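Undergrad: So that you can map any letter, position 100 of the sequence shown is 100 in UniProt numbering, and since no number is skipped, the others follow by simple counting. Cβ coordinates follow ideal geometry from the N, Cα and C atoms, glycine included. Since the model is a prediction, treat every value here as computed from it, not as a measurement. Dropping the structure in here first, questions after.
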Amino acid sequence: MMEHLHLGKADVSVFHTAKGGNWCSGDDYFATAENGSITCAMADGLGSGEEAMEAASIAMTLVKEEASLPLEQLFHRINDAMSGTRGAVVSILRIYPEEEQCEYMNVGNITLHLHYPDGNVVRPVPKRGYLSGRPQRPVRQNWEFPKNTYFSMYSDGFAKNPLHRQLFSIHESPEEIMLRISREINHIDDDATFMVGRLVLSSKEKEEQDQEQQ
Numbered sequence: 001m002m003e004h005l006h007l008g009k010a011d012v013s014v015f016h017t018a019k020g021g022n023w024c025s026g027d028d029y030f031a032t033a034e035n036g037s038i039t040c041a042m043a044d045g046l047g048s049g050e051e052a053m054e055a056a057s058i059a060m061t062l063v064k065e066e067a068s069l070p071l072e073q074l075f076h077r078i079n080d081a082m083s084g085t086r087g088a089v090v091s092i093l094r095i096y097p098e099e100e101q102c103e104y105m106n107v108g109n110i111t112l113h114l115h116y117p118d119g120n121v122v123r124p125v126p127k128r129g130y131l132s133g134r135p136q137r138p139v140r141q142n143w144e145f146p147k148n149t150y151f152s153m154y155s156d157g158f159a160k161n162p163l164h165r166q167l168f169s170i171h172e173s174p175e176e177i178m179l180r181i182s183r184e185i186n187h188i189d190d191d192a193t194f195m196v197g198r199l200v201l202s203s204k205e206k207e208e209q210d211q212e213q214q
């Protein structure tokens, strides 16, 4: 399944699939625009099947309901909610378009990459562990997020970032990128979720960008 989300100042595209033979996925995701920021989150319930789906769904429901909370408080709420469930790994990226900044918190093996216009890639090391109700101390990380920066986030159903060998132009939208690489990731036989997004350029910024390319 693919979903393309247009969140005002950001576009986000998602590929989401379940392990072969399962009617449900242990992965879940959510993205929203609220209070001048873009919040993109992903959860992977431990194992697979209905119990994994339940844990991931609880985590993402909390993100949906409490998207305006600071990330530290949001992770604390999610961790408390995981008590009595199988537990889940969770990553949350929050982008501030006007400030061209972002912040990120993570527990477990969901991976984030930031792809900058100059070719540099930031690859934060995932924090080991998972949310289960036991005390956790995830660390909030901050980076610049200028226009023409892309992010990619993916669960461990992918051995590598689906973008790791992909060349993409700053003229491509997340939807165009996802449609192009979906031919290569349809063979995945696991719970797997891949998200790619970027800030939306204004008409003037697009015009200036086109002029620079000429």
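For the beta strand (DSSP E) that V63 lies in, which residues bound it at each end?
TA: As a first step, residue 63 is located in the sequence shown; it is residue number 63 there, counting from the start. Taken as a continuous stretch (DSSP letters only), V63 belongs to no beta strand (DSSP E), being part of the alpha helix (DSSP H) at 50-65.
Undergrad: For the alpha helix (DSSP H) that contains M178, what are its first and last residues?
TA: Indexing the sequence shown from 1 puts residue 178 at position 178. First-last of the alpha helix (DSSP H) with M178: 174-185.
Undergrad: For D80, name the three-state secondary structure that DSSP assigns.
TA: Taking the sequence shown and counting its residues from 1, the one referred to as residue 80 is at position 80. Residue state, collapsed to three classes: helix.
Undergrad: Going by alpha carbons, who is nearest to N106 out of L71, Y96, K160, D118?
TA: In the sequence shown, the residue the question calls residue 106 occupies position 106. Nearest C-alpha to N106: L71.
Undergrad: Please classify R86 as buried or exposed, where buried requires at least 16 neighbouring CB atoms within 10 angstroms.
TA: As a working note, residue 86 is residue 86 in the sequence shown. R86 is buried by the Cβ-count criterion.
Undergrad: Go ahead and label N142 buried or exposed: buried means 16 or more other beta carbons lie within 10 angstroms of its beta carbon, across all protein chains shown.
TA: Counted from its first residue, the sequence shown places residue 142 at position 142. Exposed, because fewer than 16 other Cβ atoms sit within 10 Å of the Cβ of N142.
Undergrad: Could you tell me how far apart the beta carbons of S68 and N35 are, in whole angstroms, since I believe they sit closer than 8 Å?
TA: Along the sequence shown, read from residue 1 onward, the residue named residue 68 stands at position 68. Along the sequence shown, read from residue 1 onward, the residue named residue 35 stands at position 35. Yes, they are in contact, since the Cβ atoms of S68 and N35 sit about 5 Å apart, within 8 Å.
Undergrad: Taking Cβ to Cβ, would you say S15 is nearer than 8 Å to F151?
TA: By 1-based counting over the sequence shown, the position of residue 15 is 15. By 1-based counting over the sequence shown, the position of residue 151 is 151. Checking the sequence, you will find Phe at residue 15 rather than Ser. No, the Cβ-Cβ distance between F15 and F151 is not below 8 Å.
Undergrad: Whole-angstrom Cβ separation of I170 and P117, contact assumed at under 8 Å?
TA: Translated into the one-based positions of the sequence shown, residue 170 becomes position 170. Translated into the one-based positions of the sequence shown, residue 117 becomes position 117. The Cβ separation is near 6 Å, so the contact holds.
Undergrad: Tell me the residue span of the beta strand (DSSP E) that contains F194.
TA: Counted from its first residue, the sequence shown places residue 194 at position 194. Run containing F194: 192-199, per the beta strand (DSSP E) assignment.
Undergrad: Can you tell me which of the three DSSP states E72 falls into?
TA: One-based indexing of the sequence shown puts residue 72 at position 72. E72 falls in the helix class under three-state DSSP.
Undergrad: Going straight from the alpha carbon of S182 to that of V90, what length do you get?
TA: One-based indexing of the sequence shown puts residue 182 at position 182. One-based indexing of the sequence shown puts residue 90 at position 90. Answer to the nearest angstrom: the Cα atoms are 24 Å apart.
Undergrad: Grouping DSSP H, G and I as helix and E and B as strand, with all else coil, what is F30?
TA: Numbered from its first residue, the sequence shown carries residue 30 at position 30. The answer is strand: DSSP assigns F30 an E or B state.
Undergrad: Return the CA-CA distance between E184 and G197, expressed in angstroms with no decimal places.
TA: Along the sequence shown, one-based indexing puts residue 184 at 184. Along the sequence shown, one-based indexing puts residue 197 at 197. Cα-Cα distance, rounded: 19 Å.
Undergrad: State the DSSP-derived secondary structure class of L163, mapped to helix, strand or coil.
TA: The count along the sequence shown starts at 1 and reaches residue 163 at position 163. Coil at L163, not helix or strand.
Undergrad: Mark R128 as exposed unless 16 or more other C-beta atoms lie within 10 angstroms of its C-beta, in which case mark it buried.
TA: Position 128 of the sequence shown holds residue 128. Burial call: exposed.
Undergrad: Cα separation between R137 and K19?
TA: If you number the sequence shown from 1, residue 137 lands on position 137. If you number the sequence shown from 1, residue 19 lands on position 19. Distance between the alpha carbons of R137 and K19: 31 Å.
Undergrad: For L131, write down the residues that DSSP places opposite it in a beta bridge.
TA: Translated into positions along the sequence shown, residue 131 becomes position 131. A88, per the DSSP bridge assignment.
Undergrad: Under three-state DSSP, which class holds R94?
TA: Locating residue 94 in the sequence shown gives position 94, counting from the first residue. R94: strand per DSSP, three-state reduction.
Undergrad: Going by other Cβ atoms of all chains shown within 10 Å of its Cβ, with 16 needed for buried, is N79 buried or exposed?
TA: As a position in the sequence shown, residue 79 is number 79, starting the count at 1. Flag for N79 reads buried.
Undergrad: Please state whether DSSP places T111 in a helix, a strand or coil.
TA: Walking along the sequence shown from the start, residue 111 turns up at place 111. Strand.
Undergrad: For G133, count neighbouring C-beta atoms within 10 Å of its own C-beta (all shown protein chains included) and say buried if the count is 16 or more, exposed if not.
TA: To locate residue 133, count along the sequence shown from 1; it is residue 133. So G133 counts as exposed.
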